[in-house]
Each structure stands twice: as C-alpha cells, then as structure tokens.
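J.: In the working numbering, the protein residues as written are 232 to 919.
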Ligand code: ZN
Ligand code: ZN
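#1: Is residue 347 helix, strand or coil by DSSP?
#2: To the nearest angstrom, report how far apart residue 251 and residue 300 are at their CA atoms.
#3: Would you say the beta carbon of residue 382 is closer than 7 angstroms to some non-hydrogen atom of ligand 1?
#4: Does ligand 2 have a heavy atom nearer than 7 angstroms to the CB of residue 327?
#5: Within a Cβ cutoff of 6 angstroms, which residues of the same chain sit near residue 618, ignoring the five residues on either side of it in sequence?
#6: Quick one: Cα of residue 279 to Cα of residue 451, how far?
#7: Using three-state DSSP, classify residue 766 as helix, strand or coil.
#8: For the putative contact between residue 471 and residue 357, defined by C-beta atoms under 8 angstroms, what is the C-beta separation to the nearest angstrom?
#9: Does the separation of the CB atoms of residue 429 and residue 500 fall below 8 angstroms?
#10: Using only the alpha-carbon positions, how far apart do residue 453 and residue 257 sit?
#11: Pull up the DSSP beta-bridge partners for residue 286, would you.
#12: For residue 420, verify whether its CB is less than 7 angstroms away from any heavy atom of ligand 1.
#13: Indicate the three-state DSSP secondary structure (helix, strand or coil) for residue 257 in the structure shown.
#14: In terms of residues, what are the limits of the alpha helix (DSSP H) holding residue 200?
#15: Quick check on the DSSP output: what are the complete beta strand (DSSP E) runs of length 3 or more inside the region 386-452, in order along the chain?
#16: CB residue 484 to CB residue 544, shorter than 8 angstroms?
#17: Should residue 759 and residue 710 be called a contact, given that it needs their Cβ atoms to be closer than 8 angstroms?
#18: Tell me the DSSP secondary structure of residue 902 in three-state form.
#19: Looking at C-alpha atoms only, which residue of 745, 260 and 468 is the closest neighbour of residue 587?
#20: In whole angstroms, give me the CA-to-CA distance for residue 399 and residue 391.
#21: Which of helix, strand or coil does DSSP assign to residue 637?
#22: Cβ of residue 595 within 8 angstroms of Cβ of residue 448?
#23: In three-state DSSP terms, what is residue 361?
#24: Where do the ends of the beta strand (DSSP E) carrying residue 854 lie?
#25: State yes or no: is the C-beta of residue 580 within less than 8 angstroms of the C-beta of residue 440?
#26: Within 7 angstroms: the Cβ of residue 407 and any heavy atom of ligand 2?
#27: What residue range does the beta strand (DSSP E) around residue 578 cover?
#28: How is the beta strand (DSSP E) around residue 607 delimited, first residue to last?
#29: Given 8 angstroms as the limit, is there contact between the region 721-734 and the region 841-851, that is, 3 or more CB pairs closer than that?
#30: Would you identify the three-state DSSP class for residue 670, choosing helix, strand or coil?
#31: Hey, residue 286 and residue 254: beta-carbon distance below 8 angstroms or not?
#32: Threshold first: 4 residues or longer. Then list the alpha helix (DSSP H) segments lying entirely within the region 442-512, N to C.
#33: So is residue 828 buried or exposed if we call it buried at 16+ other beta carbons inside 10 Å?
#34: Quick one: what does DSSP say residue 315 is sitting in, helix, strand or coil?
#35: Is residue 707 near ligand 3, going by C-beta to nearest heavy atom under 7 angstroms?
#36: Heavy atom of ligand 2 less than 7 angstroms from the Cβ of residue 361, yes or no?
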C-alpha cells in the first residue's frame, strides 16, 4: 500500500468527550501476517480510540469507539496507511450496539470462523531492518539465521491453518524467551505480534549432518562447516524456506559439473544467487525493472541477458542467452553469501522431475547420495515452495513461475465465478488453482506429474490448499488430455461437476485474466503440444475466445511427429517429419542443399525408419505446434538434435539467433482456407 504522508489527521481526543459511537469494522484482503493488527493498534492508540482488534478466520475484525469524526479519520487511514505488504480489498463498517469497550485498545487472540476470505501472504525476503541486525555485532540476533519481523520472514511455508497465529505455525514448538515475549507484546516494537519471532535463545537452530543423516555439529559451527565444504568445491543440501536447495560455488567448473552429474541434469541452466546488485550487474544486463524485481520482498529469480560466463563456470548456463539471478532472501542465505563472497548455484533440492525435498528424512534418502553434507535446522517446512521465476518483457515484469514470494496471495479475476472451482494444470510444470468469487489463488508449482512421487505431492497440495481456503470446491476444471495424471485425478469428480478445458484456450484465457481483460479477446498460443477438440495435437493457435468458449480462427501448418513422444525428445525426428510430410500450404519447399546436408549427417537407419513409419502412417500423430517447429529448425540447422530438457532445442536456437540481431523477418505466408482450415470441429467450443 502507498502511505499517504499528506493525509489530513483527524483530531485526537478522549472518546467519551463528545457524541460517542461504537462501530464494527471488518478489513478484507491480505491482512494477516503483514503486521496489520499492530498497525491498527498504533493507529487507534494515536487517535485515542477505544476497542480491540483480532484476526477472525482470514480477515481482521475491529471493534472501535470514539467521536464520529475521529472514527471517520480512523477508517480512512486504515486503508490509506495500511502496512506496505498488505492489500486491503474491502473495509466493511457496521454499528456496534451494546458494546462495552474499555478505555484502551487491545490486540486480542484470533478466532477461527467460517468465512471464505482467506488471503495469506507469501514468504517475504529479509527486510533492511532485520538485515542490519543480522550483521550488527552488538545486536542480540547478530548472525542469527532465523531472525524476522512483521515485515519479513516465513509465512506460507510454515502455516498449518488460518487465522495466522504462532500456535498454528511450525514455530509453535519454540516457546518464546522473556526478551522475545516482551518484543512480541510491545506495541511500539517492530516485532509486535510478529508470529515467527525468534532469537538464538529460543528459536530454531542450524545443524550439520553427514550425507547419511548423522548429526555432526550445530549452531554457528554447522554454518562454518557448510561454508568450508562449498568453498572447497563440494555440494551442500541447504534447508531453505520452502524446501531443501542444492548449493555450490557457481565459479567452480568442477563443482557445477559434479552437481550436473549428480542431479542428472546435463544442460538446463542453474539459477545463481549473487551477494548484491553489483554482482548481478557483473554477470548480466540488469536494468531498472530487473533491479526492482530482484530487490522486491518476493525476491524471485530474474532471467536476464548474460554478459558471458565471466565469474561463472561455463556449465552454469551452457547454451542459454539468459541467466537466472536472485538475491539472498533469508538470513541463512545472507550469511552464506557474506561468508563465501562469491556467486552460488542455488537450485531446488530434488532429482530432476521429482518434487523438492522438505523433510529431514526425505533429504537424507534422496539428496544424501548427492552431497558432501546437509545444512538443516529444526523449523519444519509445512508447504513446499520452489523459487519463483520472472523476467522483464517489454519493460514490464512477468512471472514465469509463480511460487515462493508470490503464491499463495490471491489474483483478481476480471469475471467472478458463480461456483468455487478447483483448476488443475497440465502434465508438465503443474500448478493448482482455486477460484472463489472474484479471486483466484494459485498453489505452488508441483512440477512434472509423470512422476508418482509428484502425484502424492500434488494430492497433498490440493488438500492443504482447500483446507487453507476453507473452501470445498464445487467443480473441477481440467485439461482435455485423457492421459494427463491431473485429468485422471479429476475423474474422481462426478461428471456433472467436471469442466474439461482445451489446453490453448486455458493458456489464452489465463493470460487474459492476468491482464484483467473482460473478453472476448483474440489470443495466439505458441506452445509445445496440447490436446485439441478434434483429438489432434495443437500448439500454434489463433483463437477468438472468452472465458467460457472459443473459436479456432487459425493455426500453424501441421506436420507428423514420427514416434510421438520420442519426436518430442528428439527434434531430429520432428525435422524429418516436416521434411517428408509437412502439410502443403503452397509455400516454397525447403532448400534442397540444406536437406541434403541434414540427411547426410544422420544415421541412414533412422532416416529410413522414419520414412517407412510415415509411409505406413505408423505412430506419427500430426501436430500444429510452434514448439515442435522450433525443434525442427534447431535440428535442421545442426544446433541441437536432442531435447535433454523441455525447450532445450528452442532455447539453443534462440541463443544462436540472438547472435544476428539485425536479421530481418523470414518470408511467411498466411493461407486463407475460408475458415480455420480444420475440417471437423470448426465451431464455438464450450460447455453445451
Ligand atoms: Zn524484518
Ligand atoms: Zn527469544
């Protein structure tokens, strides 16, 4: 919220002096976990108002008494001067008859309730004030890895249930010491009602474990051991805020290569945590919008144009034009970066395609074999949150992966939903969403659902999510693809409460909703593959759509994918599909010379096999995909024959193309076939 310094102040005075009135004021939005009750307390006390404030379920309820003009000023400043991390969506005011409010103003215990407005703030990066304490040798929290306040610290990852109070977080196991209790109870203190408040005397402690889980040391010596291992080129599993992370020296080629081998991740770029903005600028082209993102309380990974490897090992982002950078966002990260004074690879603590490890047993079993040691602690993580990924597009921030720091705060919807809907994503990069009224709450990223372990994580997310929101969704929206794990999960729902949605309609409607467009809208989806309403694979689509249906106005030319899934993993196959059997839209044939070179370098058996598959129409589904076209071009140009992670060939093609910034557009043509060119289901699609 913006604080309006010039807001006229209401006159303070004792409430009983003039015509005395009592009101019930309810504040909705992101108002828990952001220092809202302390703010109300300070404001009411300043204005000399009597009453109390408490969290009730997901909102804040204030009983307040005073002179009418003072009450009006109070209500105005409630919204105008709300804490910076809060979002006030509504302030409801009603009379409060028969109220017996005392003289002072109190913060009361929370009350659980049945309302459905449950906005909880995401985890927040360490604030400036806490950072100053962290590195102040005179402070009682000097180098304490778990310090936080009402402006920063863990939230979504430690909360079991709303209302947001310490007893319902994983901090409940740490009874407050007298000093922390005094700060927590002092309205003048910046830790007044900071629920995760902690200090070295009463809060969580670090521990250093051997890869087999044996506890070796604790406290500051645990950190020293971790720093030593990383400095010597080793790999460490670090318990972050939303899950374990794998950490190593980003400047050490042997360390990064070792991480690649152990994580089974040959080429996909790693995110790099840098000590400060100056270090970020050394590595990448970081403009003002990138700086804003990096330094925001969400502290996401920001994809930025790399300046070349520089201080980074070449294998950090081998083929990428962009590098993902972020700043330390917990006290523990700040300590690691300060002690090591170099960029670190900080990547999710998982094996490729598995969910991130969050429990200590999990980390030993799954990450133990990869690392030299484990830097853990005794504050449990309840909800798994990966790091968010952002980039700047056309001068504006765009969220590529909405997770830690953003989720689970609600997004406004341009059109309110009449029923609460659980939205399930596709197979890859899966995210769950709950839409209630005019808001959508996105759950954390749950990864690739191909993995059975991920289905458990997924079920867990869906259930925790519904509990949090206090919502039993009335309908379930899911992808049309019958083979997706999320679709199979959706079939648990009765048919009349399921809403199948075409993949690219979902992409386009989601983008329109993000930008709060009312609809109808024209949308272009440049995608990999999604199940079409005609049962074929789509992926380069022009749709005229609104939030309930769409018409397919145009599409890319189609080509077969010889071997189906195999062609997705091996762009060479797709290129052969385009070469031998692309849809004839009357355009020029590929340069014969290019094709000869391409075919000449491939194994003759593979070319022959594909020819026979295509002739027989065997396992070669046709697709109108933009992503597969990029794959085919990457293979034809000899840039990449195989996709070792999703988008790898397209990314390498983009990097190669960026070396020719002055190159003009390639020739292209638009074929008007009277309608969209599809022969079967060219009609509006939506619920019948
Ligand atoms: Zn703080
Ligand atoms: Zn304490």
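Ideal Cβ placement from N, Cα and C applies to all residues, glycine included.
T.: Based on what the coordinates show:
#1: With a pLDDT of only 46 at residue 347, under 50, the local geometry of the prediction cannot be trusted, and the value read off the model is given with reservation. Coil at residue 347, not helix or strand.
#2: 10 angstroms
#3: yes
#4: Set against 7 angstroms, the gap from the CB of residue 327 to the closest heavy atom of ligand 2 is not smaller.
#5: 532 and 635
#6: 46 angstroms
#7: coil
#8: In this structure residue 471 is not in contact with residue 357, their Cβ atoms being roughly 13 angstroms apart against a cut-off of 8 angstroms.
#9: no
#10: Take the alpha-carbon of residue 453 and the one of residue 257: they are about 46 angstroms apart.
#11: Partner residues in the beta bridge of residue 286, as assigned by DSSP, are 291.
#12: no
#13: In the structure shown, residue 257 falls within a strand segment according to DSSP collapsed to helix, strand and coil.
#14: One cannot answer for residue 200 here, as it falls past the ends of the chain, which runs 232 to 919.
#15: 437-440 and 446-449
#16: Using a Cβ distance threshold of 8 angstroms, residue 484 and residue 544 count as a contacting pair.
#17: Between residue 759 and residue 710, the C-beta spacing is not below 8 angstroms.
#18: coil
#19: With distances taken between Cα atoms, residue 587 lies closest to 468.
#20: 6 angstroms
#21: coil
#22: Their beta carbons are not under 8 angstroms apart, which means residue 595 does not touch residue 448 by this criterion.
#23: helix
#24: 853-856
#25: no
#26: yes
#27: 575-579
#28: 604-608
#29: no
#30: strand
#31: no
#32: 451-462 and 484-494
#33: exposed
#34: Residue 315 falls in the coil class under three-state DSSP.
#35: In the structure shown, ligand 3 is absent; the only ligands present are ligand 1 and ligand 2.
#36: Not so, every heavy atom of ligand 2 lies at least 7 angstroms from the Cβ.
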